[in-house]
Amino acid sequence: MALHRLQVLKSSSIIKPLILPKYPLSVPFQCNLNGKRLGSISTLPLLCSKSDDSLQTSKNVDSPSIVDDLLDYLNESWTHFHATAEAKRQLIAAGFHLLNENDEWDLKPGGRYFFTRNMSSLVAFAVGEKYTSGSGFHVIAAHTDSPCLKLKPKSASSKSRFLMMNVQTYGAGLWHTWFDRDLSIAGRVIVKAGDGSLTHKLVKVKRPLLRVPTLAIHLDRKVNTDGFKPNLETHLIPLLATKHEEASTKSEDGTNSSSSKIAHHPLLMQVLSEELPCKADEILGIELNVCDTQPSCIGGGNNEFIFSGRLDNLASSYCALRALVDSCQLPEDLSNEHAIRMVALFDNEEVGSGSVQGAGAPTMFQAMRRVVECLAHEYVGEDGFERAIRQSFLVSADMAHGVHPNFMDKYEEHHCPELQKGLVIKHNANQRYATTAVTAFLFKEVGNLHNLPTQEFVVRNDMGCGSTIGPILASGVGIRTVDCGIAQLSMHSVREMCGKEDVDYAYRHFKAFYQSFSSIDKKLRVDF
């Protein structure tokens with residue numbers, strides 16, 4: 001969740017992927033359901049009513065947990081690049097066809113497709129076999145980025161015989177949590193091959209490589225009373241190594257004079273070259289994040305929590321993409337579908353979405369228009385895209401604030417989302433969230449029909465409110481939108497936490513949305 005300039009808490013200025021067991025690509029994706037297809041819904045009850053017992057999805061029947069797969073995905077996806085690359089791999093394994101935005105598309109009803117942009121955002125979609133021009137899109141949108149430290153273009157610095165790496169803060173992180181952690185680096189590089197060709201590669205150094213040490217309390221006696229208030233420019237500089245004496249050339253200010261002549265420490269380039277592998281001088285460009293090396297894991301007295309970095313918002317991204325894949329896994333899953341089921345995972349949400357790979361770009365809507373035009377064939381009539389948008393519905397999925405027992409005064413007393421109690425629907429009268437009474441009702445009705453709980457969140461009037469990609473996308477072309485998320489604690493910390501049950505609730509709710517929304521939506525008329 002991003003913090004914007006209009007809030008009390010100010011930030012520096014934003015598609016959440018899927019993990020399947022790493023089988024060969026030729027093996028059909030069956031394993032996550034243990035060879036069984038989730039029960040289908042043949043009829044739907046009237047709106048505002050609970051479904052018959054035979055139609056309700058119980059907690060354990062035909063709904064295996066996806067928590068272990070989420071942990072694998074989180075441990076694989078140290079950066080937004082890795083998250084997108086892993087999603088790409090999983091989609092191909094599940095039978096989706098990779099598209100290129102530069103090429104003409106050849107789409108067919110019943111087909112499943114996806115494309116990536118910048119290898120940090122992704123759009124995937126499945127076309128209903130009964131699609132006709134003007135049919136809508138049912139979309140779940142999330143983001144792949146999280147607050148972190150990023151290497152500056154010239155990261156090499158040195159002081160007091162330490163090799164250090166200059167970083168810049170990305171997003172509104174809880175930066176004090178990055179001190180005294182076992183850190184490393186991951187991201188992407190541009191490599192020049194021996195034949196002169198250029199290659200885009202991802203890299204991840206799994207071993208602890210960096211650390212930002214705190215100052216001993218003996219040298220900062222008031223830190224526990226006055227608070228820990230690090231200067232983000234001078235105190236938040238990771239240490240890489242000690243400097244060899246023969247390489248030392250100090251200037252008057254005590255820094256290494258040679259560090260200003262190189263962009264990155266040779267030692268860093270050596271580590272990267274060994275990881276890739278390639279020669280150090282073949283690395284022509286880098287874009288690297290500082291990452292925490294501690295694996296994502298299950299915790300708590302009853303093993304009910306997930307402890308991990310980047311839950312905001314890779315947990316939402318994974319649940320959304322997994323729901324899309326599982327909702328159209330078998331050929332008959334799309335046989336009665338008129339709409340197009342879509343996932344959009346964007347980059348740069350944490351800094352406002354204003355980038356070519358962010359939700360502020362028209363990526364998703366351009367894809368929608370291309371899909372409509374490609375499937376129109378010989379259709380002649382009023383513009384199908386505009387009619388499709390009016391029939392469409394967007395779920396903006398971003399993590400939500402779970403109630404913190406030590407800070408109850410920070411929550412509106414009647415809207416305190418709990419962990420393990422289902423998805424949180426977010427409301428804000430000032431449109432920081434895009435939810436309306438109608439969109440909230442429709443999304444909750446999806447849950448009601450499948451026996452899935454929901455909660456609601458409103459920020460206190462005396463506090464600033466975060467925002468999401470929901471209002472950005474809703475106002476882009478006028479698509480109906482609901483903002484929701486999994487309740488969590490420690491949002492924007494280097495280590496966050498959420499409830500295991502909420503991950504499965506989110507997955508089942510998103511899957512039910514794809515399977516049931518067409519039938520639910522047609523029962524409620526607003527502008528007629």
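Take the sequence shown: its position 512, counting from 1, is numbered 512 in this note's numbering, and each next residue is one higher. Here a beta-carbon is modelled for each residue, glycine too, at the ideal position from N, C-alpha and C. Note that the structure is predicted; figures quoted are calculated from it, not measured.
**OP:** My understanding is that V167 touches V290, with C-beta atoms under 8 Å, so please give their C-beta distance in whole angstroms.
**Re:** 6 Å
Original post:
By DSSP, does K229 sit in helix, in strand, or in coil?
Top reply: coil
Original post:
With distances taken between CB atoms, is the gap from V458 to V395 smaller than 8 Å?
Top reply: no
**OP:** Note the first and the last residue of the continuous alpha helix (DSSP H) segment covering T363.
**Re:** 363–376
Original post:
Do I237 and M164 come within 8 Å of each other at the CB atom, strictly closer than that value?
Top reply: It is a contact, given that the beta carbons lie within the stated cut-off.
**OP:** Would you kindly work out how many angstroms separate the C-alpha atoms of L550 and F114, rounded to a whole number?
**Re:** It is not possible to answer for residue 550, since the shown part of the chain is limited to 1 through 528.
**OP:** Could you round the C-beta distance between A315 and V503 to whole angstroms and report it? I think they count as a contact, below 8 Å.
**Re:** 6 Å
Subject >> T439: first and last residue of the uninterrupted alpha helix (DSSP H) it sits in >> reply: 437–449
**OP:** Using only alpha-carbon positions, find the residue among L284, D72, A367 that is nearest to F345.
**Re:** For the sequence presented, residue 345 should be read as Leu rather than Phe. It is A367.
Original post:
Per DSSP, L423 is paired with what?
Top reply: T454
Original post:
Under the rule that 16 or more other beta-carbon atoms within 10 Å means buried, what is G402, buried or exposed?
Top reply: buried
Subject >> Of the residues A400, K410, E287, the one placed nearest K154, counting alpha carbons only >> reply: If we check each option's Cα against that of K154, E287 comes out closest.
Original post:
Below 8 Å between beta carbons: does that hold for Y131 and L375?
Top reply: yes
**OP:** For the alpha helix (DSSP H) containing G136, list its first residue and its last residue.
**Re:** G136 -> no alpha helix (DSSP H), and no H or E assigned at all.
**OP:** Spatial neighbours of E412 within its chain, please: CB distance less than 6 Å, with the 5 preceding and 5 following residues excluded, ordered by chain position.
**Re:** Correct list, in chain order: V458, R460.
**OP:** Find the nearest neighbour of V271 within the set C297, G300, A126, A241, judged by alpha-carbon distance.
**Re:** A241
Original post:
How long is the line joining the alpha carbons of L198 and Y505, rounded to whole angstroms?
Top reply: 44 Å
Original post:
Would P529 pass as a contact of R495 if the rule is Cβ separation under 8 Å?
Top reply: This structure gives no information on residue 529, because the portion of the chain shown stretches from 1 to 528.
Subject >> Top-ranked residue by Cα proximity to D145, from K159, A126, A172 >> reply: A172
**OP:** Could you tell me the distance, in whole angstroms, from the CA atom of S475 to the CA atom of D527?
**Re:** 18 Å
**OP:** Would you kindly work out how many angstroms separate the C-alpha atoms of I486 and P417, rounded to a whole number?
**Re:** 9 Å
Subject >> Enclosing beta strand (DSSP E) for P153 [first to last residue] >> reply: 148–159
Original post:
Count the other CB atoms within 10 Å of the CB of P147; is the residue buried (16 or more) or exposed (fewer)?
Top reply: buried
Original post:
Taking Cβ positions, are H450 and R508 nearer each other than 8 Å?
Top reply: yes
**OP:** Return the Cβ separation of D347 and G360 in integer angstroms, given the expectation that the two are a contact with Cβ distance under 8 Å.
**Re:** Incorrect: roughly 11 Å between the Cβ atoms, too far for contact.
Original post:
Taking DSSP as the reference, what is the three-state secondary structure of R89?
Top reply: helix
**OP:** Label H200 either buried or exposed according to how many other C-beta atoms from any shown protein chain fall within 10 Å of its C-beta, with 16 as the threshold for buried.
**Re:** exposed
Original post:
Going by alpha carbons, who is nearest to C278 out of I190, W175, S184, D69?
Top reply: I190
Original post:
From the DSSP output, which residues share a beta bridge with K192?
Top reply: Residue pairing from DSSP places K192 in a beta bridge opposite L198.
**OP:** Whole angstroms is fine: what's the gap from K243's alpha carbon to F162's?
**Re:** So the alpha carbons of these two residues sit roughly 6 Å apart.
**OP:** Please list, in chain order, all residues of the same chain as V372 whose beta carbon is under 6 Å from its beta carbon, the five residues on each side excluded.
**Re:** G384, F385, A388
Original post:
Quick one: what does DSSP say K204 is sitting in, helix, strand or coil?
Top reply: strand
Original post:
Applying the criterion that 16 or more other CB atoms from any shown protein chain within 10 Å of the CB defines a buried residue, is H264 buried or exposed?
Top reply: buried
Original post:
Taking the alpha-carbon positions, what's the R322 to F393 distance?
Top reply: 19 Å
Original post:
Ordered along the chain, which non-local residues of its own chain (more than five positions away) have a Cβ less than 8 Å from that of L46?
Top reply: In this predicted model, L46 has a pLDDT of only 40, less than 50, meaning its place in the structure is not dependable; the value taken from the coordinates is given anyway. Same-chain partners within the cutoff: K523.
Original post:
Is there a Cβ from chain D that is less than 8 Å from the Cβ of V424?
Top reply: The structure shown contains no chain D; it holds only a single protein chain.
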